[in-house]
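Numbering (my numbering), first residue to last: 103 to 923. Quick reminder that beta carbons are idealized off the backbone N, C-alpha and C, glycines included. Given the structure is predicted, the values throughout are model-derived calculations rather than measurements. First the structure, in the form of C-alpha cells, and then the observations on it.
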DNA sequence: AACTTTGGCCTCTGCT
DNA sequence: AGCAGAGGCCAA
C-alpha cells in the first residue's frame with residue numbers, strides 16, 4: 103500500500119468533548135449548535151504509528167515499508183519519519199522488529215485517542231453535564247443485576263431543570279419505552295454523573311438497553327462515577343473518622359449538606375412501585391431527590407468542575423477513567439513533548455508486572471525524640487517539596503545520564519565543601535547517586551515547571567478578580583488543577599505500569615527529600631536547636647524561641663540550601679523551607695500519630711476557636727468504633743484542646759477512663775457506638791485463603807467473612823463496599839462477629855473495651871504521662887475469668903461447631919446476653 | 001479502566 | 001507472650 107506524505111489532511115478542531123475508538127476509526131465528539139443534539143461525530147482513521155529518525159532508516163528498508171501491507175502511510179516530519187501501521191498489533195510487532203535491526207522507534211504503542219489529542223494539541227471542550235440516577239427491581243439480587251427491570255430514572259441538568267420518569271407497566275414494552283425516553287434526554291448531554299455509577303447505574307443501563315436492542319454509541323458520553331470522584335477528591339478533606347464510615351449518597355449529603363435522604367427503603371423499590379398511586383409517586387420523588395442531591399453536592403464541592411479543569415490542563419477527558427493520575431500525567435507529558443518536538447522512545451520491554459523488584463525507598467520519618475507533653479514546638483516544612491526537587495535536579499527519564507558515586511562519597515565530599523560530581527552541566531542526586539543533565543529541560547521536570555508556572559498565572563488572575571465571581575472561581579479551580587497535575591507527576595513516574603516509569607528517577611526524588619531533611623536536622627542541632635520529629639518534608643523543633651526558629655529557617659534558605667545545592671551541581675532557588683506553625687504543647691504517640699495545641703499558624707495566633715491538630719489517631723479513622731473515637735476525642739480535648747486542654751494532672755484522665763469504662767461495660771449502647779466499619783478493597787473472591795495446620799481453611803478477617811455472608815444474601819457487595827460488623831463474643835478464637843444489619847443489642851462489652859475502646863486512648867495517655875502505669879484501666883476481666891471464658895467457648899464450639907452466628911436473635915436471648923455481660 | 005508513591009500503626013488470625 | 005502474614009486506613 104502506497105501513501106504519499108500528507109495524503110490525509112490533518113484535522114484540527116477547536117475543542118473536543120470526547121473521543122473514542124470504534125474499529126478502525128477514531129470518533130471525535132464535537133460541539134455543533136446546528137445539530138438537534140448539539141453535537142456532531144467526526145470520524146477519522148485511528149492512528150497506530152511510531153516514528154523513526156530518517157537518518158537511521160536505509161533506503162532499502164524505506165521502500166520495503168512503502169510496499170508493506172502492514173503500513174498504511176509514511177510521512178516525513180522534519181528529521182522524523184512517521185510510520186502509520188494498519189493496527190495496534192502490527193505497530194507492536196514491527197516496532198520490536200525495527201529495534202532488532204538497531205533502529206530505535208519513538209512514540210509507538212500510543213493510544214490513538216491520546217495520540218490525536220497530543221499531536222493536534224486539541225483543546226478539551228466544555229461539556230453538558232447532567233446528574234443521573236436509576237431505580238431498579240429490588241427483588242433481583244445484585245449478582246443478577248442485568249436482569250433487574252428499571253423502574254424509574256431521574257435526570258437533573260446543571261441549569262437546574264429536572265425530569266423523572268416511572269415505568270408504566272411491568273412489561274418489556276413499557277421498559278423499552280422508558281429507556282427510549284431516557285436516551286432521548288441523554289442525547290442533549292455529554293457528561294453523565296451517577297453515584298456509584300460505574301458499579302451500578304452504568305452497567306445496568308447498558309445491559310437493559312442491550313436487552314431491548316436499543317443501539318446507542320455508548321462511548322460518546324463521558325460516564326463519571328460521582329462517588330469515586332468524591333472519594334478521591336475528599337480523601338484529605340475529612341476531619342473526623344465519623345465522616346468516613348459510609349459513602350452512600352445519603353450519608354455524604356448529610357455530612358456535607360446537612361440534608362437527609364428520602365424515605366424509600368432501597369431494598370423495597372419493587373414493592374413501592376407495585377403499590378402504585380401515591381406510593382409510585384414517592385418512588386419517583388425519591389429517585390429525583392438523589393439526582394438533586396448530586397447537583398447540590400457539586401454546587402458545594404465543585405469536584406466535577408475541578409475534574410473538568412484537570413482534563414483541560416492535561417488533555418484528558420473528565421470521565422471515570424480520566425480521574426486516574428496515570429492517565430492525566432501520560433496525556434500531559436505527551437502533549438508537552440509534542441509542543442517541544444520531543445519524542446519518547448517506544449517502551450519495548452514487556453508489560454511490567456507489579457513486584458518487589460521495582461519498589462524503591464521513600465520518605466524519612468523520625469522516631470519522636472521526646473515523650474510526655476512537649477511545650478513550644480516549632481514546625482517548618484518545604485513547600486511543594488517533590489515538584490521542586492524534580493525541577494531543581496531537572497529530573498526526567500531522558501535527562502538521566504548514569505549512576506555514579508556512592509551515598510558515602512557524596513556526603514563526604516559535601517562535608518569537605520567539594521563537589522562530589524565535577525562535570526559542568528550535570529547534577530547529582532544525593533543518596534541514589536543518579537546524575538542528571540541540566541540542559542535541555544527534561545519532560546517530567548518541564549511538565550512540573552509548566553504546571554507551577556500556569557498555577558501562578560491562575561493565582562494572579564484570581565487575585566485580580568472579585569472574590570466569589572465566576573471568573574474568580576474559575577481561576578481558583580484552575581490553580582487547584584495545576585497543583586494536582588504537578589503533584590501527580592511524582593506518583594506516576596513511580597508506577598511500574600506507567601508508560602514513562604523510571605524507578606531511579608522516582609527514588610532520586612524521594613531520597614533528595616530525605617537528604618535535604620537530614621541536612622536540615624543536622625544544621626539545627628549544630629545551632630543548638632533540637633529536632634524532635636520529622637516526616638517527609640517537615641521538621642518539628644523544640645528548645646528555641648519563635649525568633650530563633652524564624653532566623654534558622656531564613657538561614658537555611660539563604661545559606662544552607664544554596665551552598666549544598668551548588669555543590670551537587672543544581673541551581674538553587676526553588677527549594678524553600680517555610681516556618682508554618684508552632685504548638686504550645688504537643689504529644690507524640692508514635693510516628694505519624696500526634697495531637698497538639700497551636701500557639702500560632704503562619705503567624706496568626708490561635709484562639710479559643712482553634713481546634714487541636716490531630717494526626718493519625720483513631721479519632722480520625724473511619725475504621726475505629728465510635729466509642730473509641732469519642733473517648734479519645736475527650737482525652738485529646740482535655741490534653742491539648744484550646745478551651746478545656748492544658749490538663750497535666752493524670753487523675754483527671756484516670757477519672758475519664760473510669761467513667762468511660764462504666765459506660766462501655768454497663769450503660770445502654772446503640773449500634774452506631776459499637777459497629778466496626780471497614781472497606782472492601784478487593785473483589786470478595788480474591789482475598790488470600792490460608793490453610794491451617796489441621797488442613798482446614800483459616801478464618802479470614804471479620805469484615806471479609808461478613809462480606810461473604812452479605813453476598814450470599816444478595817446484597818450489593820463489591821470492591822469499595824463498606825462492611826459493618828459487631829463483635830458479639832471476643833473470647834472465642836476466632837472472634838464471633840455478626841453483620842451490623844443483624845444487630846439486636848448483643849455486643850461483647852469487655853472485648854470492645856479491652857481491644858477497641860481503651861487502647862487508643864491509653865496509648866495517648868502513656869505518651870503524655872509516661873510515668874503512670876495505664877494498663878490496669880484497660881483490663882476488665884482477670885486472667886482466670888478469661889481462661890474460664892475461653893474454656894467455656896471451646897466446650898461450646900465442640901458441642902455445636904457453629905463458627906458464625908448470623909440472623910436475628912430472639913428477644914429473650916438478647917436480654918440474657920446483655921445481662922450476662 | 002480497574003494503576004499516584006512509600007512509610008507507618010494497628011487489629012485479627014494462627015502458630016510456637 | 002511474641003511472631004508473621006493479611007489487611008485497612010492514614011501521613012506525607
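Under the DSSP definition of a beta bridge, which residues are partnered with residue 644? Indexing the first chain from 1 puts residue 644 at position 542. 479, 632, per the DSSP bridge assignment.
Where residue 526 and residue 539 are concerned, what is the direct C-alpha to C-alpha distance, given to the nearest angstrom? Here residue 526 refers to the residue found at position 424 when the first chain is read from its first residue. Here residue 539 refers to the residue found at position 437 when the first chain is read from its first residue. Rounded to whole angstroms, residue 526 to residue 539 spans 9 Å at the Cα level.
Would you mind giving the Cβ-Cβ distance between residue 804 and residue 839, rounded to the nearest angstrom? I have them listed as a contact below 8 Å. Along the first chain, read from residue 1 onward, the residue named residue 804 stands at position 702. Along the first chain, read from residue 1 onward, the residue named residue 839 stands at position 737. Yes, they are in contact, since the Cβ atoms of residue 804 and residue 839 sit about 5 Å apart, within 8 Å.
Report, in whole angstroms, the separation of the C-beta atoms of residue 465 and residue 254, which I expect to be a contact under 8 Å. Position 363 of the first chain, counted from the start, is the residue given in the question as residue 465. Position 152 of the first chain, counted from the start, is the residue given in the question as residue 254. At roughly 50 Å, the Cβ-Cβ gap does not stay under 8 Å, so residue 465 and residue 254 are not in contact.
Just to confirm before moving on: does the CB-CB distance between residue 854 and residue 727 stay below 8 Å? Here residue 854 refers to the residue found at position 752 when the first chain is read from its first residue. Here residue 727 refers to the residue found at position 625 when the first chain is read from its first residue. Cβ atoms of residue 854 and residue 727: closer than 8 Å.
Could you pull out every residue in the same chain whose Cβ sits closer than 6 Å to the Cβ of residue 309, ignoring the five residues on either side in sequence? Numbered from 1 along the first chain, position 207 holds the residue referred to as residue 309. Closer than 6 Å at the Cβ level, and outside the excluded window around residue 309, lie 248.
Nearest-angstrom Cα separation, counted from residue 151 out to residue 679: Here residue 679 refers to the residue found at position 577 of the first chain. Here residue 151 refers to the residue found at position 49 of the first chain. Taking the straight line joining both Cα atoms gives about 46 Å.
In chain order, what residues of the same chain have a beta carbon less than 6 Å from the beta carbon of residue 153, not counting five sequence neighbours either side? Taking the first chain and counting its residues from 1, the one referred to as residue 153 is at position 51. Same-chain partners within the cutoff: 182, 184, 208, 209, 445.
Can you tell me whether residue 796 is buried or exposed? The criterion is at least 16 other CB atoms within 10 Å of its CB, across all chains shown. By one-based count along the first chain, residue 796 stands at place 694. Residue 796 should be labelled exposed.
DSSP beta-bridge partners for residue 235? The count along the first chain starts at 1 and reaches residue 235 at position 133. Answer by DSSP bridge pairing, in chain order: 256.
Beta-carbon spacing of residue 369, residue 240 below 8 Å: For the purposes of this step, residue 369 is taken as the residue at position 267 of the first chain. For the purposes of this step, residue 240 is taken as the residue at position 138 of the first chain. Their beta carbons are under 8 Å apart, which means residue 369 touches residue 240 by this criterion.
Just to check my reading of the structure: residue 284 and residue 351 have Cβ atoms closer than 8 Å, yes? What is that Cβ distance to the nearest angstrom? As a working note, residue 284 is residue 182 in the first chain. As a working note, residue 351 is residue 249 in the first chain. With a Cβ gap of about 20 Å, residue 284 and residue 351 do not count as contacting.
Could you tell me how far apart the beta carbons of residue 250 and residue 242 are, in whole angstroms, since I believe they sit closer than 8 Å? Here residue 250 refers to the residue found at position 148 of the first chain. Here residue 242 refers to the residue found at position 140 of the first chain. About 4 Å separates the two Cβ atoms, so the contact holds.
Report back the beta-carbon spacing between residue 220 and residue 436 to the nearest angstrom; my notes put them in contact at under 8 Å. As a position in the first chain, residue 220 is number 118, starting the count at 1. As a position in the first chain, residue 436 is number 334, starting the count at 1. Right, the Cβ-Cβ distance comes to about 4 Å (below 8 Å), so this counts as a contact.
By how many angstroms is the C-alpha of residue 141 removed from the C-alpha of residue 115? Within the first chain, the letter at position 13 stands for residue 115. Within the first chain, the letter at position 39 stands for residue 141. Spanning the two alpha carbons is a distance of roughly 13 Å.
How close, in whole Å, do the beta carbons of residue 326 and residue 297 come, if the pair is a contact with beta carbons under 8 Å? Taking the first chain and counting its residues from 1, one reaches residue 326 at position 224. Taking the first chain and counting its residues from 1, one reaches residue 297 at position 195. Contact flag wrong, Cβ pair sits at about 10 Å.
Closer than 8 Å by C-beta to residue 707: which residues in its own chain qualify, once you throw out the five before and the five after it? Chain order, please. For this step, residue 707 is matched to residue 605 along the first chain. So the qualifying residues of the chain are 701.
Beta-carbon spacing of residue 615, residue 488 below 8 Å: The residue labelled residue 615 in the question sits at position 513 within the first chain. The residue labelled residue 488 in the question sits at position 386 within the first chain. Against a cut-off of 8 Å, the Cβ pair of residue 488 and residue 615 comes out as a contact.
Would the beta-carbon of residue 666 fall within 8 Å of that of residue 536? One-based indexing of the first chain puts residue 666 at position 564. One-based indexing of the first chain puts residue 536 at position 434. Result no, Cβ atoms of residue 666 and residue 536 do not sit closer than 8 Å.
Spell out the partners DSSP gives residue 147 in its beta bridges. Within the first chain, residue 147 is the residue found at index 45, counting from 1. 127.
Report yes or no: do the segment 709-718 and the segment 736-755 share at least 3 C-beta pairs separated by less than 8 Å? yes
Residue 456 versus residue 159: straight-line alpha-carbon distance, rounded: Here residue 456 is taken as the residue at index 354 of the first chain, counted from 1. Here residue 159 is taken as the residue at index 57 of the first chain, counted from 1. At residue 456 the pLDDT is 45, less than 50, meaning the model places this residue with poor confidence; the figure from the coordinates comes in the next sentence. Those two C-alpha atoms are separated by around 35 Å.
Residue 792 classed as buried or exposed, judged by whether at least 16 other C-beta atoms fall within 10 angstroms: In the first chain, counting from the first residue as 1, residue 792 sits at position 690. Counting Cβ neighbours within 10 Å, residue 792 comes out exposed, since fewer than 16 surround it.
Mind checking which residues open and close the beta strand (DSSP E) that includes residue 187? In the first chain, the residue the question calls residue 187 occupies position 85. Start and end: 182-187.
Classify residue 826: buried if its beta carbon has 16 or more other beta carbons within 10 angstroms, exposed otherwise. Counting from one through the first chain, the residue named residue 826 turns up at place 724. Per the 10 Å Cβ criterion, buried.
Taking the alpha carbon of residue 691 as the point to measure from, which residue in 472, 771, 448, 344 has its own alpha carbon closest? Here the question's residue 691 lines up with position 589 in the first chain. Cα-wise, what sits closest to residue 691 is 472.
Measuring alpha carbon to alpha carbon, tell me which residue in 187, 165, 579 is nearest residue 175. Within the first chain, the letter at position 73 stands for residue 175. For the residues 187, 165, 579, the minimum Cα distance to residue 175 belongs to 187.
Cβ neighbours of residue 123 in the same chain (closer than 6 Å, five flanking residues each side left out): Taking the first chain and counting its residues from 1, one reaches residue 123 at position 21. Here the set comprises 148, 214.
Under 8 Å by Cβ, that's how I've got residue 567 and residue 577 pegged, so tell me the actual separation to the nearest angstrom. Here residue 567 is taken as the residue at index 465 of the first chain, counted from 1. Here residue 577 is taken as the residue at index 475 of the first chain, counted from 1. At roughly 6 Å, the Cβ-Cβ gap stays under 8 Å, so residue 567 and residue 577 are in contact.
From 874, 443, 252, 811, residue whose alpha carbon lies closest to that of residue 844: The residue you call residue 844 lines up with position 742 of the first chain. When only C-alpha atoms are compared, the closest one is 811.
Sufficient close CB pairs (3 or more, under 8 Å) joining the segment 577-591 to the segment 601-609: no
Does residue 122 come out as helix, strand or coil in the three-state DSSP assignment? Here residue 122 corresponds to residue number 20 of the first chain, with the count starting at 1. Here residue 122 sits in strand by DSSP.
Please state the DSSP three-state secondary structure of residue 716. To locate residue 716, count along the first chain from 1; it is residue 614. Of the three classes helix, strand and coil, the one that applies to residue 716 here is strand, per DSSP.
Three or more C-beta pairs under 8 Å: does that hold for the segment 472-487 against the segment 642-654? yes
Looking only at its own chain, which residues have a Cβ that is under 6 Å from the Cβ of residue 650, when we skip the five neighbours before and after it? Counted from its first residue, the first chain places residue 650 at position 548. For residue 650, where only same-chain residues beyond five positions count, there are no Cβ hits under 6 Å.
Would you say residue 780 and residue 725 are within 8 Å of each other, going by their C-beta atoms? By 1-based counting over the first chain, the position of residue 780 is 678. By 1-based counting over the first chain, the position of residue 725 is 623. Yes; because the gap between Cβ atoms is below 8 Å, this pair is in contact.
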